[in-house]
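From first to last, the protein sequence lines are chains A, B and C.
Residue 1 is where the first sequence starts when you use this note's numbering, and the numbers rise one by one after that.
Residue 1 is where the second sequence starts when you use this note's numbering, and the numbers rise one by one after that.
Residue 1 is where the third sequence starts when you use this note's numbering, and the numbers rise one by one after that.
Cβ coordinates follow ideal geometry from the N, Cα and C atoms, glycine included.
These numbers come from a predicted model, not from an experiment.
Notes to accompany the following structure.
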Amino acid sequence: MMVVPNITADAFRHFAPVASDWPGNEWWHWLVFTVIIIVFILVMVIIFIYLERRIIAWFAARIGPNRTGPFGVFQNIAAALKLLLKEGVNPTNADILIFWLAPIVVFAPVIAVFAVVPFQDGALLKDLNIGILFVIAISSISTIGVFMAGWSSGNKYSMLGAMRMIAAVVSYEIPVVLALAGVVMLAGSLSLNDIVVAQERVPFILLQPLGFLLLFVGGCAEINRSPFDLMEADSELVAGFHTEYSGIKWAMFFLGEFGEMVVMATLIATLFLGGWQGPGLPPWLWLLIKIFIVDFVMIWTRATLPRVRIDQLMALAWKFMFPLALVNLIVTAIQVLAWPDALPLYVIPINWVITVMLVLLGSKLFKLGWGRVEV
Amino acid sequence: MTTSLLTTEVAKQINEHLPGAVVETTDAAILVNGNSLLDVADFFKNTAGLDFDYLTTITAVDYYQYFEVIYLFVSMEHNHSLVVKARCSRENPSLPSLVSLWRSADHQEREIYDLMGITFEGHPNMKRIVLWPEFQGHPLRKDYL
Amino acid sequence: MQLRTEPFVLNIGPVHPSTHGVFRMRATLDGEVVVDLEPVFGYLHRGIEKLAEERTYSGVIPLTDRLDYVASITNNLAYVLAVEKLAGITVPERAEYIRVITSEMQRIAAHLVSVGSFLNDAGAYFTPFLYMYRERENIVDLFDMLCGQRLLYSYMRIGGVSQDLPDEFLPALRKFIPHMRSRINEYDWLLKENEILLARAKGVGILPRETAISIGASGPVLRGCGVKWDLRKADPYSIYDRFEFDIPTGIQGDCYDRYRVRVEEMRQSLRILEQAVEQIPAGEIRGDVPQLVRPPAGEAYAHVEGPTGEVGFHVVSDGSIAPYRCHIRAPSLMNLTALKDMIVGWKVQDLILIFGSFAITMGEVDR
């Protein structure tokens with residue numbers, strides 16, 4: 001009788017422990033995981049774009065791409081091929097070197113972030129003990145790429161979009177990092193793998209509902225998803241910082257953008273939804289399912305909400321999310337000090353009540369100022 | 001229903017206030033002297049009982065010998081209307097501008113200037129509106145081919 | 001600390017997704033804030049007033065379609081009313097009812113486009129826009145049934161309308177009215193209290209009541225400022241005095257009020273449609289009008305309440321078969337007079353929103 005091995009699960013399980021014993025030490029492990037990560041991102045981006053188009057079409061009472069292949073699944077592959085073959089246009093006023101570098105600077109950090117994301121217990125490129133710090137630091141580099149693109153295009157629309165992007169990312173980084181700090185406290189580690197392991201009993205979304213909300217909203221703002229997509233508002237700035245890009249350079253921006261979405265969805269799934277933890281199904285499948293759930297919610301907001309204004313975007317970050325993130329941090333710190341070993345389960349309702357009260361209080365006190373400026 | 005005011009009665013009122021302003025009165029319209037157009041308009045806007053607060057439309061017609069500019073005033077308060085006309089010669093096509101009284105004259109006078117070539121004195125921005133600045137001629141004139 | 005900033009000029013349009021055609025605005029910005037604005041017109045100027053002088057009276061009707069091309073029926077109506085007034089032609093009763101029905105259908109269709117594109121300018125990524133277009137499609141299908149056209153109908157004729165209602169038209173319209181009403185309620189439920197929409201549109205782009213009257217604003221822009229002025233009530237043309245409906249008005253004249261007025265007007269149009277469908281008599285659809293109309297020398301001005309405002313035609317006749325002069329009062333052009341006052345001081349995003357709340361059509365502004 002033939003035994004059919006569970007190839008996928010086994011393959012993932014054995015990479016991390018075995019790799020260091022192989023000839024060439026960890027180099028095999030690194031090579032294999034680098035390839036896996038790059039393929040993973042590219043495939044995920046294509047799936048994300050496909051889902052985005054189909055789901056938005058579904059929300060907007062239309063059909064969406066459905067001609068290329070079954071259900072239009074090859075539409076994005078066709079689009080990618082088209083973009084590869086397209087002429088790259090350089091604007092006359094462009095600063096060519098920066099203009100060419102910008103898409104790379106945007107896209108490279110997206111891949112680098114995945115080095116510390118675990119697909120399974122121990123199945124990751126490198127289990128850095130400063131994992132979250134690495135993610136925050138590397139993912140912020142993309143912003144520089146955006147600013148390079150906006151500046152070098154020689155286009156005022158691009159410049160406006162890039163300036164908005166900088167303002168948004170600088171503001172939203174603070175509540176996002178503070179929200180992450182709560183998770184770090186609960187898990188007692190910066191390593192993403194340890195954080196996932198720490199969620200064996202309960203996913204942190206139950207313990208940290210406020211932190212989850214802050215990360216989700218702040219994350220949407222950082223990767224300019226609607227309703228915070230005013231950096232590339234199609235109805236105002238006509239795509240903002242990448243107005244002047246075409247062909248493969250534009251495709252890199254597109255990849256970078258959806259790559260950031262994959263990163264954010266993965267980060268939320270890993271930190272709050274329990275990452276690869278889950279009953280029954282193989283762990284990597286659990287991670288994928290959670291990523292797609294987060295992705296769906298992001299598409300949902302994009303399909304339904306209008307765009308906020310730049311001063312409202314700033315006000316939300318500084319007047320609403322920042323104080324809430326601080327309170328969340330303090331509450332978490334007290335809880336972690338009070339129950340040093342493991343939080344008891346009745347903390348969950350307490351935290352939910354605190355979250356609801358804080359959000360209600362915050363929205364009562366939240367004032368938008370200065371809509372109009374006297375000139 | 002917007003009632004058209006009796007032109008003869010309004011003309012009498014104008015004559016009491018501004019003698020010599022009315023040139024001719026027909027059933028449909030009052031023809032006023034181009035030079036006193038602004039005064040008449042001011043009278044229309046600020047006289048109790050007339051209170052024309054709404055300048056609906058301005059039209060210019062080329063009658064070969066002269067241009068006729070037709071103003072339609074409406075009072076939202078009393079819901080009545082009145083048509084006033086003014087003429088200017090082909091050699092010196094110019095009339096006073098009503099922008100200072102009704103801002104709705106702004107784009108309409110610019111348009112008449114652009115297409116008919118009548119200059120409105122006192123308009124703050126007397127430039128072509130639909131055609132480009134270098135354009136020669138005024139297309140709505142009957143002799144423009 | 002005061003940072004030094006330097007104003008720069010941003011050219012918005014003529015080719016821009018949110019200029020509703022080929023409008024151009026030269027905006028001087030200080031950072032995000034608009035400090036000066038100069039509207040530039042004329043990219044769609046086709047000289048319709050001049051073209052009208054070269055055609056017979058009925059030959060002008062297709063030209064009027066191309067003014068406000070999202071509301072061609074009301075343009076047709078304003079023109080034929082002016083010619084009928086000039087020539088003293090009476091219209092059969094059934095034709096009057098058909099005119100009212102088509103005008104109100106057209107108003108709903110045009111308001112759907114306006115509201116949809118306004119929300120699109122607010123940044124709701126095409127979802128409301130396509131929902132509105134889905135509903136508009138029903139109306140366009142009805143028009144297709146009526147005259148075989150979907151955009152530029154040329155349906156009105158001097159002395160009546162071009163053809164009678166087909167048998168299946170009225171049942172289809174009866175079915176459409178409750179459907180549309182429930183859809184409007186559904187969209188209100190989704191959008192009316194939307195927190196972001198309120199934050200973006202309430203108090204933004206205020207047009208004071210006095211300014212609105214002074215600039216000759218009309219339609220939802222005027223009524224959004226709280227002025228109860230609707231030509232269907234103020235100067236009832238056709239047979240509008242026979243129907244019962246209200247004039248919705250706004251409170252302070254901001255973008256939100258203009259949006260609300262449009263939505264409420266759609267409800268009122270449905271009310272008119274309901275009454276008209278019940279009352280419509282049988283009979284002739286066109287009076288005894290010769291092919292070549294020769295009105296006596298003279299002039300006439302007729303106006304209707306179009307979706308954007310007061311559409312007026314001033315027709316001068318010299319007794320020949322072609323109008324001597326045909327002036328068009330374009331509501332969109334007049335509404336834009338105070339554009340600069342409303343936008344200066346707001347941000348680029350508000351500029352797009354305020355401009356979108358006018359719902360202009362360039363075909364009408366430039367003519």
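Asked: Just confirm the distance between the C-beta atoms of R99(C) and S317(C), as a whole number of angstroms; I'd bet it's less than 8 Å.; Found: About 22 Å separates the two Cβ atoms, so there is no contact after all.
Asked: On the CB-based measure, 16 or more other CB atoms within 10 Å of its CB, does G363(C) come out buried or exposed?; Found: buried
Asked: Mapping DSSP to helix, strand and coil, what is L365(A)?; Found: helix
Asked: Mind checking if Y71(B) is an interface residue toward chain C, Cβ cutoff 7 Å exclusive?; Found: no
Asked: If I measure Cβ to Cβ from W222(A) and keep anything under 6 Å in the same chain, skipping five residues before and after, which residues do I get?; Found: Note that residue 222(A) is Glu in the sequence shown, not Trp. Result list for E222(A): V169 and Y172, in chain order.
Asked: Rank S158(A), F320(A) and P340(A) by C-alpha distance to the C-alpha of L358(A) and give the top, closest one.; Found: F320(A)
Asked: According to the Cβ coordinates, are W276(A) and Q120(A) closer than 7 Å?; Found: yes
Asked: If you measure from the beta carbon of H45(C) to each beta carbon in chain B, is any gap under 7 Å?; Found: yes
Asked: With a Cβ-Cβ cutoff of 7 Å, do F118(C) and G356(C) count as a contact?; Found: yes
Asked: Would you list, in chain order, the members of the region 279-304 of chain A that have their beta-carbon closer than 9 Å to a beta-carbon of chain C?; Found: R302, A303 and T304
Asked: Given that a residue counts as buried once 16 or more other Cβ atoms are within 10 Å of its Cβ, and exposed if not, what is H17(B)?; Found: exposed
Asked: State the Cα-Cα distance for the pair Y71(B) and R307(A), rounded to the nearest angstrom.; Found: 44 Å
Asked: So, is I111(A) buried or exposed, given that buried needs 16 or more other C-beta atoms within 10 angstroms?; Found: buried
Asked: Contact defined as beta carbons within less than 8 Å: I believe A78(C) pairs with F245(C). What is the distance between those atoms, to the nearest angstrom?; Found: With a Cβ gap of about 19 Å, A78(C) and F245(C) do not count as contacting.
Asked: Rounding to the nearest angstrom, what Cα-Cα distance links G34(B) and I343(C) in this structure?; Found: 36 Å
Asked: If I follow the unbroken beta strand (DSSP E) through E299(C), where does it start and stop?; Found: G298 to E305
Asked: At the level of alpha carbons, what is the spacing between E91(B) and S235(A)?; Found: 49 Å
Asked: Could you check whether the region 80-97 of chain C touches the region 290-300 of chain C, counting it as contact only if at least three pairs of C-beta atoms, one from each stretch, sit closer than 8 Å?; Found: yes
Asked: Using only the alpha-carbon positions, how far apart do L131(B) and D114(B) sit?; Found: 7 Å
Asked: If A201(C) and Y259(C) are in contact, beta carbons under 8 Å, what's the gap, nearest whole angstrom?; Found: 6 Å
Asked: Compare the beta carbon distance of M126(B) and A60(B) with 7 Å and say whether it is the shorter of the two.; Found: no
Asked: Express the C-alpha separation of A94(A) and D62(B) in angstroms, rounding to a whole number.; Found: 52 Å
Asked: Listing by chain order, which chain B residues have their CB less than 9 Å from the CB of V35(C)?; Found: Within 9 Å Cβ-Cβ: nothing; V35(C) doesn't reach chain B, min ~18 Å.
Asked: If we ignore side chains and look at the alpha-carbon of each, how far apart do T68(A) and A251(A) end up?; Found: 19 Å
Asked: With burial defined as no fewer than 16 other Cβ atoms inside 10 Å of the residue's Cβ, what is the status of P220(C): buried or exposed?; Found: buried
Asked: Would you tell me roughly how many angstroms separate the C-alpha atoms of D27(B) and P296(C), rounded to the nearest one?; Found: 16 Å
Asked: Taking Cβ positions, are E134(B) and H123(B) nearer each other than 7 Å?; Found: no
Asked: What does DSSP give as the partner residues of L29(C) in its beta bridges?; Found: F8(C) and V34(C)
Asked: Going by DSSP, what residues sit across from P96(B) in a beta bridge?; Found: E121(B)
Asked: I believe W229(C) touches M76(B) by the beta-carbon criterion, under 8 Å. Please report the beta-carbon distance rounded to the nearest angstrom.; Found: 6 Å
Asked: Have a look at A11(A) and D127(A) and give me their C-alpha separation to the nearest angstrom.; Found: Confidence at A11(A) is low in this model, with a pLDDT of 46, below 50, so the placement of that residue should be treated as unreliable; the coordinate-derived value is given next. About 18 Å.
Asked: Residues of chain C with a CB under 9 Å from the CB of F258(A): which are they?; Found: Neighbours of F258(A) on chain C: none; closest Cβ ~15 Å, over 9 Å.
Asked: I think L98(B) touches L38(B), with their Cβ atoms under 8 Å apart; what is that distance to the nearest whole Å?; Found: 7 Å
Asked: Quick check: is the beta carbon of Y125(C) nearer than 7 Å to any beta carbon in chain A?; Found: yes
Asked: Would you please state the rounded distance, in angstroms, between the beta carbons of V365(C) and L336(C)? I believe it to be under 8 Å.; Found: 7 Å
Asked: For the alpha helix (DSSP H) holding E195(C), just list the boundary residues, first then last.; Found: E195 to A201
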